[in-house]
Structure formats: structure tokens, C-alpha cells
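Visitor: What follows is a single structure, and I will ask about it in a moment.
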Amino acid sequence: MLAKESPMKSSPRKKERRGSATLPARTGHLPTREEEEEISLKARLEPLNSSEVMTVLAKPQVFKGPEVRLQDEIVRGLEEQINRLGEDEQRLYAANTCVGGIELTVSPDSDLRTLISGARLIDLQGNCIGKSSFDLAKAAGVENQIITNTLATMETAGQLDYLRKSDIIGEDWKVIVEIHYYRDRDKGQTKFHKDTNGQTLFVNLNFVNDEPVPGPEFIVNPGSNDKYDTHISEHMPSVFVRDVQRAKVAHGTPTEIGMTVIPEKGVVAFVDEAIHHKTPTLGHRLASSGALAFALAKKFPEEYKNVKAGYDKYKKRWSDLWAFTSYIDKKYHKNADAWYALLTRLDDNSAKFNRTELAVILPKIDGFNTDEFIEELVEQGGAGDFGEASFLFAKTMNVPVKRPGQAPLQRQMSQKLLAGTAPKAVPGKRTFFRTWVRAVPIPK
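In C-alpha cells form, the structure reads like this:
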């Protein structure tokens with residue numbers, strides 16, 4: 001480990017250096033919102049132990065990228081190298097590639113500049129996800145920028161603070177910081193998931209957007225299963241497993257699906273094992289016509305059976321003289337028009353309905369709480385992106401995001417859609433750097 005540099009003397013006219021972030025001096029300048037947020041997080045974490053730090057970090061952190069200028073240089077360098085390739089070869093770099101990694105074999109130095117100066121970017125080819133673009137990064141001469149941008153992000157997110165306090169890095173474990181360049185994330189891949197197969201401590205997404213964009217939706221302390229939990233306990237550092245469990249207990253049973261909005265050139269940082277996350281869905285959750293029919297039959301077993309059978313007979317009538325009410329029990333005539341309108345919509349097997357449409361088409365029956373019905377329906381009714389999570393660990397594992405008997409999760413995005421304050425879709429590519437901070441066992 002390199003020796004720490006002597007502390008820099010501050011001056012009212014100069015800016016103090018704390019890690020990589022340039023912070024305002026105590027006099028003569030009002031801090032920006034981003035500066036206040038960084039100072040606030042560092043101040044909150046400073047007196048905490050590793051479990052308490054993990055509890056704070058378990059909920060995704062969103063902040064302005066700490067090294068925007070360097071990140072822009074990285075993007076320009078990589079794009080220049082990719083554009084020099086032939087058309088067929090360029091396609092290999094169209095989505096996600098691995099630009100390299102940073103290996104931490106001792107606890108991170110408390111001085112960020114010392115840590116950065118002693119780090120180097122290594123090729124993880126064969127030990128990372130996606131095609132290696134390390135040679136392109138090297139040809140572009142942006143290795144140092146990648147190191148600085150990555151470690152400064154980890155420092156701002158409080159992750160280096162956690163690594164120092166937890167003492168994970170040592171004789172048994174090292175940390176590999178795996179860095180990907182996601183040129184164009186498929187916006188249609190919106191299912192809840194975990195990023196890796198149970199090796200990742202933290203995940204950071206550094207966006208290259210020029211305007212605010214909708215960020216991941218997430219659930220803190222979601223449902224899991226015994227098989228996966230056992231895998232984590234056997235393949236992750238015990239102190240990390242303990243701290244994540246304590247953080248989950250502290251956050252309690254989830255009641256909502258959270259959302260993020262990423263500022264210009266912003267970052268979202270999270271603990272992969274504490275949450276499920278997904279690419280945002282910028283509309284309401286949808287219920288399929290089949291799921292709606294099933295839910296209605298369950299909610300109104302006698303009435304729905306009667307009106308559905310009557311509707312099927314009505315469609316086959318040989319004379320228009322017969323009204324729909326002629327085919328259903330008299331005790332259901334009061335809601336006949338509503339049932340008829342709804343059943344005509346259910347004729348389309350491919351139809352899907354959002355909560356606003358459901359509120360209009362559902363029959364107004366005495367004692368029928370439509371709001372509660374809709375909440376349960378949109379969570380299960382064909383909304384596969386929301387009801388289950390995919391774990392890379394088991395490839396096809398679909399784990400319910402809720403525990404049995406848990407109330408429906410309120411979705412922040414839906415609330416903002418209803419209020420007219422939801423973030424708008426941003427045209428163009430969804431481009432970002434993705435960092436996996438992985439704990440890797442040291443062979444004996």
C-alpha cells in the first residue's frame with residue numbers, strides 16, 4: 001500500500017479536496033445540491049459500523065457522477081475505437097462489453113487519491129460477463145480515466161467506506177471491480193432481476209445521459225427462497241451476509257415498488273443482494289383479459305358464471321328481439337349493462353388493461369372494492385415483469401417478489417402517473433457503465 005499523502009492546507013479562496021470530489025471551502029461559496037448530498041452521505045456514514053452502513057446503502061443511492069469530464073473522455077475514446085472496426089465486428093460491441101477490472105487485495109486506502117494512484121486496470125477476459133473491450137480501452141488510452149471514474153463512484157456511494165469497516169478484504173477474500181460498457185441497453189427487458197450469480201457486493205450504473213432519465217424500479221428486502229439464500233450464505237463473505245440480513249430486518253417488509261430518476265450524467269448505486277431491480281416500465285402495470293376473467297370468476301363465482309353463460313348464449317341468439325337480460329338471472333339485471341360492456345372487452349384474448357381502464361370497465365357492485373381488486377389484479381394479472389424476479393444464479397428461476405400473504409405493493413411510478421408527475425421517456429440509446437463490485441475467494 002502506498003503511503004498517504006500529506007494533508008493539503010485549505011484556504012478560504014481555494015477548494016478542499018476530499019477524496020476525488022471537489023468540495024467548496026467553508027467560506028465564500030454556497031455548496032450545490034450535489035455537493036450537499038455527497039457531504040451528507042459521508043457525514044451519515046462516518047460514525048456507523050459496517051452493518052449500519054449496509055442498512056443505509058441497501059436503498060439505492062442516486063447522485064451526480066463524480067467524474068463527468070473523465071467519463072465523457074472514456075466514452076469518446078471507446079466510441080472512436082469501435083467506429084474504426086468493420087461493420088460485422090462493430091456488432092459484437094453493440095450491447096454489453098467488459099472494459100476491464102480493478103483488483104483490491106488489501107483494504108482500500110482512506111485517501112482516494114492514494115488508492116487511485118496505486119490501482120491498475122486489468123483484462124478480465126474469460127472471467128467476466130460479455131465480450132472483452134479491454135484492448136479498445138487500452139488503445140484509446142483511457143485506462144486511468146476508467147480507474148478514477150470507477151473508484152470515485154464507489155467512494156461517493158459509500159462502498160469504499162463499507163469495505164474498510166467490514167474488513168472483507170484479507171486472507172480469505174479479495175474484491176474484483178468488474179466494469180462494463182453498456183452501449184445500448186434493451187428497454188424492453190423490464191423484468192425484476194438480480195444482476196449476478198451471488199458474488200456481487202454492490203452494483204453501480206453510471207449513465208451518460210445529457211438529461212434526466214427514468215432509472216431502475218426496485219424493491220428493498222423482496223421475497224427470496226431457501227435455495228438461493230443457502231447459495232449466498234455459502235458463497236459470500238460471512239460479514240456481508242450478516243450485514244445484508246440485518247439491513248433487511250431494519251427495512252422491514254416492503255410496501256412499495258420504488259423508483260429512481262437519474263440526473264444528467266448521474267449514478268444509481270445499490271446492493272444487489274438487498275433488492276430486486278428492473279429497467280423502468282413507463283406506464284401502468286397491465287392485466288391480461290384472461291387474468292381479469294379468472295379474477296372476476298374467483299371474486300363473483302355465482303354472478304360471473306351466470307352472466308358469462310348468458311353472454312355466450314346471447315352472442316348465438318337467432319333474433320335481435322331478445323335482450324341480454326333475457327339470458328341472465330333477474331337478480332343480476334341491475335348490473336347487466338356493466339357486465340355486458342365488460343364481457344365484450346374480454347372477447348379479445350390479447351387485450352391488456354391498465355388500472356385507469358379497469359376503474360372504468362369494472363362493474364359497480366355494492367360492496368365491491370374496485371381499488372383493492374385492481375391492486376391485486378395488476379400485481380398478478382399478466383404483469384410478469386412485476387410479479388416474479390429472475391436470478392442469474394439459476395438461469396430459469398422465477399422467484400415471487402412478495403412473501404406469501406403479503407399485501408399488494410404500491411408502485412411509485414403508478415402514483416406519479418396518476419398525478420401527472422411521472423418521468424417521461426427519453427429517446428435514443430440507454431447507455432451506461434455498469435460496475436459489479438465482486439467478492440472473490442482466495443484459493444488456499
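First residue of the sequence shown: 1, per the UniProt record's numbering; consecutive thereafter.
Each residue gets a CB set at the ideal place from its N, CA and C atoms; glycine is no exception.
A quick note: this is a predicted structure, and the numbers were derived from the prediction, not measured.
Which residues share a DSSP beta bridge with residue 533?
Guide: Given a span of 1 to 444 for the chain in the structure shown, any question on residue 533 remains unanswerable.
Visitor: How big is the Cα-Cα spacing for Asn221 and Phe134?
Guide: 35 Å
Visitor: Along the alpha helix (DSSP H) that carries Leu136, what are the first and last residues, could you check?
Guide: 134-140
Visitor: In the DSSP output, what is Thr200 paired with across the bridge?
Guide: Arg438
Visitor: Compute the Euclidean distance between the alpha carbons of Thr230 and Ser166, then round it to the nearest angstrom.
Guide: 21 Å
Visitor: To the nearest whole angstrom, what separates the beta carbons of Ile257 and Gln412, a pair I think is in contact under 8 Å?
Guide: Gln412 and Ile257 do touch by the CB rule: their CB atoms are close to 6 Å apart, below 8 Å.
Visitor: Rounding to the nearest angstrom, what Cα-Cα distance links Ser326 and Ala359 in this structure?
Guide: 27 Å
Visitor: When you compare only the Cα positions, how much space is there between Asn369 and Asp348?
Guide: 25 Å
Visitor: Measuring CB to CB, does Val267 end up less than 9 Å from Leu205?
Guide: Yes, they are a contact pair.
Visitor: Note the first and the last residue of the continuous alpha helix (DSSP H) segment covering residue 446.
Guide: With the chain covering 1 to 444 only, the question about residue 446 has no answer from this structure.
Visitor: Going by alpha carbons, who is nearest to Ile232 out of Arg438, Lys444, Arg120, Pro443?
Guide: Arg438
Visitor: Who are the Cβ neighbours of Trp339 in its own chain at under 6 Å, not counting the five residues just before and after it?
Guide: Val307, Pro363
Visitor: Can you grab the Cα-Cα spacing for the pair Ala25 / Glu388, in whole Å?
Guide: With a pLDDT of 38 at Ala25, under the threshold of 50, the predicted position of this residue should be treated as unreliable, though the coordinate-derived value follows. Looking at the two C-alpha atoms, the distance is approximately 48 Å.
Visitor: With a CB to CB cut of under 6 Å and the five nearest residues on each side skipped, what residues in its chain are close to Ile374?
Guide: Arg355, Leu358
Visitor: For the putative contact between His276 and His193, defined by C-beta atoms under 8 Å, what is the C-beta separation to the nearest angstrom?
Guide: 7 Å
Visitor: If we count the other Cβ atoms within 10 Å of its Cβ and call it buried at 16 or more, is Ser319 buried or exposed?
Guide: exposed
Visitor: CA-CA distance, residue 445 and Asp366?
Guide: Nothing can be reported for residue 445, as the shown portion of the chain is limited to 1 through 444.
Visitor: Spatial neighbours of Ala297 within its chain, please: C-beta separation below 6 Å, excluding the five flanking residues on both sides.
Guide: Tyr304
Visitor: For Leu45, which residues in the same chain have their Cβ closer than 6 Å to its Cβ, ignoring the five residues on either side in sequence?
Guide: Val53, Gly158, Asp161
Visitor: For Lys191, which of helix, strand or coil comes out of DSSP?
Guide: coil
Visitor: Under 6 Å Cβ to Cβ from Thr55, same chain only, skipping five residues before and after it: list those, please.
Guide: Ala247, Ala250
Visitor: Below 8 Å on the Cβ atoms is my guess for Ile74 versus Asn149; work out the distance and round it to an integer in Å.
Guide: 7 Å
Visitor: Tell me whether the region 119-137 and the region 88-100 touch, counting them as touching only if at least three CB pairs, one residue from each stretch, are closer than 8 Å.
Guide: yes
Visitor: Which residues does DSSP pair with Lys270 in a beta bridge?
Guide: The sequence given here has Phe at residue 270, not Lys. According to DSSP, which records beta bridges pairwise, Phe270 is partnered with Val203.
Visitor: Per DSSP, His276 is paired with what?
Guide: Ile219
Visitor: Can you tell me which of the three DSSP states Ser117 falls into?
Guide: Ser117: helix per DSSP, three-state reduction.
Visitor: With a cut-off of 8 Å, do at least 3 Cβ pairs link the region 412-427 to the region 136-149?
Guide: no
Visitor: Measuring straight from C-alpha to C-alpha, what distance separates Lys299 and Gly77?
Guide: 59 Å
Visitor: Which of helix, strand or coil does DSSP assign to Ile97?
Guide: For the record, residue 97 in the displayed sequence is Thr; it is not Ile. Reduced to three states, the DSSP call for Thr97 is strand.
Visitor: Would you mind giving the Cβ-Cβ distance between Val62 and Glu211, rounded to the nearest angstrom? I have them listed as a contact below 8 Å.
Guide: Incorrect: roughly 15 Å between the Cβ atoms, too far for contact.
Visitor: So the candidates are Lys444, Leu112, Val68, Ala95; which of them puts its Cα closest to the Cα of Arg430?
Guide: Closest by alpha carbon: Ala95.
Visitor: With DSSP collapsed to three states, give me the class of Pro212.
Guide: coil
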